[in-house]
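Data first, discussion second: the structure below is written as structure tokens.
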Amino acid sequence: MRKKTSIMTQQDEYFVRHISEVQTVPCMCGSSTRIIPSTEGLEANVHLTHIVGSKLHYHKKSVEIYYIVQGSGKMVLGDQTFDIRTGSLIYIPREVPHRGYGDFKALIVGIPPIDSQDEFVLEEA
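Note that the numbering used here has the sequence shown beginning at 46, numbered continuously upward.
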């Protein structure tokens, strides 16, 4: 049986990681705890992000799935704005401009992993 570890090596097929083992960093949406960062080379990245006000942006290569774990606010998707709260799930296809604002924490999955070269910020009206 393979050793279970919070640090993934090339030979590992699985891992367990606790959020307390990961540093929170500033991001364009607020602050992000990158539980599975895009640099790990996996099929997806997973971030827990605290969003107060993000910039309107889109991704050309990645889709995003947001699950709101705490708080409430608004999510702009294209030309529509939606009320969101704890328990809301948002699916964002490639190239759809989006931004969140209010005060909420979202578990965000990017498929394939989102890198900084795939974040395109739009001017807000």
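In this text, a Cβ means the ideal position worked out from N, Cα and C, and glycines have one as well.
Problem set entry | Separation of residue 83 from residue 159, as counted between CA atoms | C-alpha separation (whole angstroms): 6 Å.
Problem set entry | Residues near residue 80 in its chain [Cβ-Cβ closer than 8 Å; skip 5 each side] | Here the set comprises 62, 64, 67, 91, 92 and 93.
For this session: Count the other CB atoms, across all protein chains shown, that sit within 10 Å of the CB of residue 155; report buried if there are 16 or more and exposed otherwise.
Result: Flag for residue 155 reads buried.
For this session: Note down the Cα distance separating residue 96 from residue 112, rounded to an integer number of angstroms.
Result: Cα to Cα, residue 96 sits roughly 12 Å from residue 112.
Exercise. Mind checking residue 149: buried by the 16 CB within 10 Å criterion, or exposed?
Worked result: By the 10 Å Cβ count, residue 149 comes out buried.
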